[in-house]
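Asks:
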Amino acid sequence: MSVDQTTVKRIARLARIAVNDNEVEHLQGELNAILAFIDQLSEVNVDGVEAMTSVMPMVMKKRQDIVNDGNDAERVLKNAPVREDGYFVVPKVVE
Amino acid sequence: MTTINLTALTLADARDGLKARTFSSTELTKAFLANMEKARGLNTYVLETPEHALKMAAASDERLAKGAAGPMEGLPLGIKDLFCTNGVRTTACSKILGNFVPTYESTVTSQLWRDGAVMLGKLNNDEFAMGSSNETSAFGTPINPWRAKGDNKHLVAGGSSGGSAAAVAADLCLAATATDTGGSIRQPAAFTGTVGIKPTYGRVSRWGTVAFASSLDQAGPIAKTVRDSAIMLQSMSGHDAKDTTSVDLPVPDFEAAIRRGVKDLKIGIPREYRLDGMPAEIAQLWEQGMKWLKEAGATMVDISLPHTKYALPAYYIVAPAEASSNLARYDGVRYGLREPGKDIAALYENTRAAGFGKEVKRRIMIGTYVLSAGYYDAYYVRAQKVRTLIKYDFERAYADGIDAILTPATPSAAFGIGAMSVASPIEMYLNDVFTVTVNMAGLPGIAVPAGVDAKGLPLGLQLIGRPFDEETLFAVGQVIEDAAGSFHPAKWW
């Protein structure tokens, strides 16, 4: 499979990475080289094979649903690029 | 006053010297800090923490004086900049993390400090550990202390843990932490004449380590000797309730395992690793390794791992897919870089365009594509099925009585900085052809230096073990080390 330039732009949009029009062609070439490489997998017979979900067999650990951390807004916000009154600040989302 | 070259000691000898009070941790730490200052041109450390180090060393000296020393007491280490360190800048060598200062400590480093180790600073790596030459780092490329005979050209130290490997080889720390998603401990170790072990998936907690591909990532040490790597892995390992994939198994005495020998062990030699066009020197090294192990009493067994050739293409689906999900958190809102935009989507897009480097963007985009509607089954699910087949290959070999598998660690010795810049991304990816199967199957793997090529550059052999049987890898690795000797670059920096 290979991608066209419209698809490259769509992937960039989905990945939330701004891409200039002059970067698209180069990216298309690189992505197609990688896709051609991974297309080798189509020759493997995977009929009846289970998809791996856990590389080491283990029972999913569970814990009590209780509060064991939190109430520490200062630490949470410590690295925020923009903050105000104990909140993260983003551009206006709701009109 | 001592006449010992403190920084040339192995970790084990330094430990014993500290316990015997031949020298203090403060003396040892100062010797490393002096070396680091003189070796800044190698670009191994992205952050030196001398004040921190001296404070930790002084505390260690007090504990040593009281006879209350931990197993790593007073031993100065370098920490890959992928491990979060409380109050000390952690960047994953990406611009997008900017001046991120964690308010918590990764489990791996907290265990090292619990055991008394001293932090010298943070080490260079490929951005988010994505790379095989450490050339994708936002801080520039660390330089391999090894150079080809009669040639001044700078070589890469491998990647992604290039800073860790170069720093250990150049005596800028006793040992270093590293991480391995597709070969990032073993390939740089092989390129620098050092020992690197990626333990079984689940042996070491991933908590507080910057995530790349969560089902493949494992931390481990890069050290000067097999024994040193065993001592350090001991401290890094163990169950952690904060990582649900960390395994609740007792950690064996790894150091005790190194003298077990290999008598009567069956060592698998996988025929699929004899690649077309494999350099004669790599093939010879492999033969030499078999000979050493035979002489020590092991039996070589021809085995087949039929899905080997599909491990790398499957990896380039699974790893980017997991990366695209893990790296979604870098959004310019909670930490790190922020580039303004007219709305929230533009804020995200501009931040991520400015903050991520080329290789990281490429992998996020591949991951996004293979997970997108309509392609998920064709790519991701198929890759996870191939992964099951790769794991079956190993399980069959081990069920047939194989104790460990011997392969070359890398397809070549270290290459020049910039040598791959015109190549397709795939050529760089091929560096991991011998190591990536191990991550796909979750198995432990160790790279041990075994010789040099015609240019005098180090080459390594890899041993692959049964799940949670790192002990056999240490035992076999020690036999190779005893036969091959140790490898040190001539100082030129």
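So the protein sequences, as listed, match chains A and B.
Numbering follows this note's numbering, in which position 37 of the first sequence is assigned residue number 38; successive positions increment by one, without gaps.
Numbering follows this note's numbering, in which position 468 of the second sequence is assigned residue number 464; successive positions increment by one, without gaps.
C-beta: ideal position from N, C-alpha, C; glycine also.
#1: Starting from the Cα of G37(B), find the closest Cα among S106(B), P138(B) and L71(B) and give me that residue.
#2: For R84(A), which of helix, strand or coil comes out of DSSP?
#3: Can you give me the C-alpha to C-alpha distance between V429(B) and L212(B), rounded to a whole angstrom?
#4: Given this structure, state the Cα-to-Cα distance separating R330(B) from Y88(A), to the nearest angstrom.
#5: Is there a C-beta anywhere in chain A that falls below 8 Å from the one on F411(B)?
#6: Hey, does Q214(B) have any beta-carbon neighbour from chain A nearer than 8 Å?
#7: Could you check what DSSP says for G192(B) in three-state terms: helix, strand or coil?
#8: By how many angstroms is the C-alpha of T221(B) removed from the C-alpha of M(-3)(B)?
#9: Mind pulling the chain B residues with CB within less than 7 Å of A16(A)?
#10: Considering only the beta carbon of each residue, do A486(B) and P454(B) sit closer than 8 Å?
#11: To which residues of the same chain is S508(B) closer than 6 Å at the C-beta, ignoring the five residues directly before and after it?
#12: Cβ closer than 7 Å: which chain B residues qualify as neighbours of K62(A)?
#13: Where do the N-terminal and C-terminal ends of the beta strand (DSSP E) with K118(B) fall, by residue?
#14: For the putative contact between F135(B) and S102(B), defined by C-beta atoms under 8 Å, what is the C-beta separation to the nearest angstrom?
#15: Leaving out the 5 sequence neighbours to the left and right, which residues in its chain are closer than 7 Å to Y326(B) when beta-carbon positions are compared?
#16: Use the C-beta contact count for M61(A): other C-beta atoms within 10 angstroms, 16 or more gives buried, fewer gives exposed.
#17: Looking at C-beta atoms only, is the number of pairs between the stretch 158 to 172 of chain B and the stretch 110 to 129 of chain B that lie closer than 8 Å three or more?
#18: Give the residues of chain A in contact with D339(B), contact being defined as C-beta atoms less than 9 Å apart.
#19: Taking Cβ positions only, does S211(B) come closer than 8 Å to chain A?
#20: Which of the three DSSP states is assigned to G293(B) in this structure?
#21: Below 8 Å on C-beta distance, what does I35(A) contact in chain B?
#22: Given that a residue counts as buried once 16 or more other Cβ atoms are within 10 Å of its Cβ, and exposed if not, what is E283(B)?
#23: How many Å lie between I476(B) and C169(B) at the Cα?
#24: Quick check: the Cα distance between R11(A) and M416(B), rounded to an integer number of angstroms?
#25: Quick check for students: name the residue ranges of the alpha helix (DSSP H) that lie wholly in the stretch 71 to 152 of chain B, counting only runs of 4 or more.
#26: Short check: CB of W489(B) to CB of A64(B), under 8 Å?
#27: Which word fits T99(B), buried or exposed, when buried means at least 16 other C-beta atoms lie within 10 angstroms of its C-beta?
#28: Give the DSSP-derived three-state secondary structure of A35(B) in the structure shown.
#29: What residues in its chain sit with their C-beta under 7 Å from that of R84(A), if we drop five residues either side in the sequence?
#30: Drop a sphere of 10 angstroms on the beta-carbon of E69(B), count the other beta-carbons inside from all chains shown, and report buried for 16 or more, exposed for fewer.
#31: Can at least three beta-carbon pairs, one atom from the stretch 397 to 405 of chain B and one from the stretch 259 to 275 of chain B, be found at a separation below 8 Å?
#32: Helix or strand or just coil, what does DSSP make of A446(B)?
#33: Mapping the DSSP letters down to three states, classify E355(B) as helix, strand or coil.
#34: Which runs of the beta strand (DSSP E) spanning at least 3 residues fall entirely within the stretch 216 to 299 of chain B, listed in chain order?
#35: Can you list, in chain order, the residues of its chain whose CB lies under 6 Å from that of G337(B), leaving out five sequence neighbours each side?
#36: Helix, strand or coil for I492(B), going by three-state DSSP, please let me know.
Replies: So, from the data block:
#1: Of S106(B), P138(B) and L71(B), the residue nearest in Cα terms is P138(B).
#2: strand
#3: 15 Å
#4: 10 Å
#5: no
#6: At a cut-off of 8 Å, the C-beta of Q214(B) has no neighbouring C-beta in chain A.
#7: strand
#8: In this predicted model, M(-3)(B) has a pLDDT of only 47, less than 50, meaning its place in the structure is not dependable; the value taken from the coordinates is given anyway. Answer to the nearest angstrom: the Cα atoms are 27 Å apart.
#9: S320, I360, M361 and T364
#10: no
#11: As displayed, chain B neither begins before -3 nor continues past 489, which places residue 508(B) out of reach and without an answer.
#12: T240
#13: V114 to L119
#14: Between S102(B) and F135(B) the Cβ distance is about 20 Å, and since that is not below 8 Å, they are no contact.
#15: I92, G332, R348 and G351
#16: exposed
#17: yes
#18: P92, K93 and V94
#19: True, the Cβ-Cβ gap to chain A drops below 8 Å.
#20: G293(B): coil per DSSP, three-state reduction.
#21: Those within 8 Å of I35(A) in chain B are Y312, R358, I362, P421 and I422.
#22: exposed
#23: For I476(B) and C169(B), the distance between alpha carbons rounds to 24 Å.
#24: Whole-angstrom Cα-Cα distance: 29 Å.
#25: Taking only runs of at least 4 residues, the alpha helix (DSSP H) segments lying wholly in the stretch 71 to 152 of chain B are 103 to 110.
#26: Cβ distance not < 8 Å, so W489(B) and A64(B) don't count as in contact.
#27: exposed
#28: coil
#29: L78 and V90
#30: buried
#31: yes
#32: strand
#33: helix
#34: 262 to 266 and 295 to 299
#35: L343 and N346
#36: This structure gives no information on residue 492(B), because the portion of chain B shown stretches from -3 to 489.
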